[in-house]
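The structure under discussion appears below in the form of structure tokens.
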Amino acid sequence: MRASQFFLATLKEAPQEAELPSHKLMLRGGLIRKLGSGLYSWLPMGMRVLHKVERIVREEMDRAGALEIIMPPVQPAELWQETGRWELYGPMMLRIKDRAEREFCYAPTAEEVVTDIARKELRSYRQLPVNFYQIQTKFRDEIRPRFGVLRAREFSMKDAYSFDADEAGMLESYRKMFDAYVAIFTRLGLTFRPVAADSGEIGGSASHEFQVLADSGEDQIAYSDASDYAANIEKAEALAPAAPRAAPAEPMRKDPTPGTSTCEGVAKLWNEPLARTVKAILLYANHRVHMVLIRGDHSLNEIKSGKLHGLKGWRWASDEEILAACDGPAGYLGPVGLDRAKITVVADRTVAAMSDFICGANEKDFHIRGVNWGRDCPEPDVVADVRNVVPGDPSPDGKGRLALVRGIEVGHVFALGRRYSEAMGATFAAEDGTQKPFEMGCYGIGVTRIVGAAIEQNHDDKGIIWPDPMAPFTVSVIPLGFHKSEAVKAAAEKLYADLAAAGVEALLDDRNERPGVMLADQELVGIPHRVVIGERGLKDGMVEYQHRRDAEATRVPLAEVAAFVRQRLAP
RNA sequence: CGGGGUGUAGCGCAGCCUGGUAGCGCACUUGCUUUGGGAGCAAGGUGUCGGGGGUUCGAAUCCCUCCACCCCGACCA
């Protein structure tokens, strides 16, 4: 491609709303433009990247035996009502009416429609397993779209759905997709981690997320420094302390802590370590108030808590509920002196193993220290893992210690089971002649999000640095004085033709621009390899090669550049 | 949904408080010069000042209203 024939929409300044590097650079590099909140147009430069990603995704999906289809993004409400998700999905789903007042949605995902296809088309176990996938635009009316393409409302997603005759088959399909995802993200040249995940609203047993590692990621991942254990912090288990609870050593003592309603405050006031304090978090679930106790320096894991028996569907308790159940206001609560008929005490494993700890006195402006389970208050009603892991915690697999990194979720695989097939009566004739519901799996990849994530992971102060497989152009040919020097022009044209003949995608900057402009554009847009051709070097038959990550250019004989560049490309 | 903020040229912004009919930088057009890191000079084009209503002789500026966008929050007691 010649730059003069292309649409190079680079900007010197990024529009104000852009916060993250990837968002700014995509706008500045002319990959995308914003249409409205969470809505983006993709310009030619962005399309080239998007196509690269899509191609790799397709190739690996096909290789794994999945079959491409396309389902309508606009879907009738009836299907969604069959599974109950018309109500469940809530305001995230964009609902539309047609001229006859029939209800539709713009699909946020497509389990219902594929399951409908399966129930109509797949009749016998002989036709299984089947895996259908599509690359389609989805719409989710996010509470707060942000970070450009990383959390947009409209986005492109590859979604795949497998149908198997039994659970073993489904797990095999799941494994194939897992492997395909590893292949995809590896080929894209991204640093990523598959991590055990919570399966969330979609439901099902096994679930893994594929996380691109980046400091700006919205997710936190816990991983072991001594094994391959990795899990989303939402799911990562905090083991019970190895050491048994120590015997009480202090008497219990109530003291005033005026105006000090946080663990940090009390620890400071009494000059005690934060790790000796216990905070009480009041939740309401199943018509009952629950006091969840977490060590002062830990934080509540809302997902894990929600999985406990009595805490399904919890919400934060109101001030009135707290006062009624504890006789004290928020900020001064603890397990001592509670009427257990009115409240359930849930202690985190760590807290259950503490002795001589500090907590609220259930009285405004008072805390107590030297508190001990069994002696000063009854043992907790429930002991469970309800906190987020912290760096240094032992790994749940018993090997090594946990560390935390941030990641951007770009893929997610779910072993779904029969949730949708049963709800929609999607069955097939099994070998024994009975009708059985399909065992399903579903597998998503955020295609547009990958582009943003790749930039978050690969950029510097000058711009994007594409991994070769995603680059809009592989090589940038920059002639200095293209319109003045015949020698430069001839050399540039020759190189460009040679690269094209070798199947290398080059961008020949034939614009009559100053060198600084051409170089800055190449760097902004992130073309990974560049060759600068100038009269000065040409006198000695030399040109300059420089990779986007190289600190300096390498002089290469003109006659050898094409071969030299090809050698440097990722295989 | 709650709180805060912003809407002025393609982008970044000033002007608004204290009303007098719009400006700066970049970008764009033309010409000349320049050409190894986002050029210089000269000339030029560009705005329903987010929409509607009101006050006023006169509104980008004051008032009302609607809209869009952005940020924070929606929880750690």
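For the first sequence, counting from 1, position 152 maps to 151 in numbering that gives the first Met the number 0; every step adds exactly one. By construction, the Cβ of each residue, glycine as well, lies at the ideal position given by its N, Cα and C atoms.
- Exclusion of the five residues before and after Leu523 leaves Thr9, Leu24, Arg27, Gly28, Lys461, Gly462 and Ile463 as the residues of its chain whose Cβ lies within less than 8 Å of its Cβ.
- With respect to Gly295, Leu273 sits close: the two C-beta atoms are nearer than 8 Å.
- Taking a C-beta distance under 8 Å as the contact criterion, Val450 and Leu49 qualify as a contact pair.
- The beta carbons of Gly410 and Ile444 sit about 5 Å from each other, so the pair counts as a contact at 8 Å.
- In this model, Met169 and Cys104 are separated by some 29 Å (Cα to Cα).
- Proximity of the region 55-62 to the region 175-183 meets the contact definition, three or more beta-carbon pairs being nearer than 8 Å.
- Contact between Arg287 and Thr343 holds, with the beta-carbon distance rounding to 6 Å and staying under 8 Å.
- For the beta strand (DSSP E) assignment, the uninterrupted runs of no fewer than 3 residues enclosed by the region 365-433 are, from N- to C-terminal side, 365-370, 381-383, 401-416 and 426-428.
- The shortest CA-to-CA distance from Gln456 to any of Ser317, Gly216 and Ala159 is the one to Gly216.
- Collapsing the DSSP output to three states places Asp326 in coil.
- Counting other Cβ atoms within 10 Å of its Cβ, Gly424 stays below 16 and is therefore classed as exposed.
- Taking C-alpha positions only, Ala245 is separated from Lys303 by approximately 27 Å.
- A Cβ-Cβ contact shorter than 8 Å links Lys157 with Val446.
- Cβ contact annotation for Pro250 (same chain, cutoff 8 Å, sequence separation greater than five): Gly369, in chain order.
- Nearest C-alpha to Ile477 among Pro436, Arg448, Ala519 and Asp467: Ala519.
- Beta-bridge analysis with DSSP links Glu12 to no other residue.
- For Pro20, there is no enclosing beta strand (DSSP E); the enclosing alpha helix (DSSP H) covers residues Pro20 to Arg27.
- Membership of Thr82 in any beta strand (DSSP E) is not indicated, and neither H nor E is assigned to it by DSSP.
- Remark: C-beta atoms of Val412 and Val381 do not approach each other more closely than 8 Å.
- The beta carbon of Glu551 sits closer than 8 Å to those of Gln545, all from its chain and outside the five residues before and after it, given in chain order.
- Non-local beta-carbon contacts of Pro90 in its own chain, meaning distances under 7 Å to residues more than five positions away in sequence, involve Asp140 in chain order.
- The beta carbons of Leu238 and Pro395 sit about 6 Å from each other, so the pair counts as a contact at 8 Å.
- A direct Cα-to-Cα measurement between Pro328 and Phe356 gives close to 20 Å.
- Of all alpha-carbon atoms in Phe138, Gly330 and Glu67, the one lying nearest the alpha-carbon of Gly258 is that of Gly330.
- By the neighbour-count criterion, in which a residue is buried when 16 or more other Cβ atoms sit within 10 angstroms of its Cβ, Ala106 is buried.
- In this structure Pro556 is exposed. Its beta-carbon is surrounded by fewer than 16 other beta-carbon atoms within 10 angstroms.
- By the Cβ neighbour-count rule, Arg529 is buried, with 16 or more other Cβ atoms within 10 Å of its own.
- Residues of the same chain with a CB within less than 6 Å of the CB of Ser36, apart from the 5 flanking positions on each side, are Pro144 in chain order.
- A Cβ-Cβ separation of about 13 Å leaves Leu498 out of contact with Ala490 under the 8 Å criterion.
- If the five residues before and after Met70 are omitted, its C-beta is found closer than 8 Å to the C-beta atoms of Ala106, Ala109, Val112, Val113, Ile116, Gln133 and Gln135, all from its own chain and listed in chain order.
- Residues of the same chain with a CB within less than 6 Å of the CB of Leu403, apart from the 5 flanking positions on each side, are Gln219, Ala221 and Pro390 in chain order.
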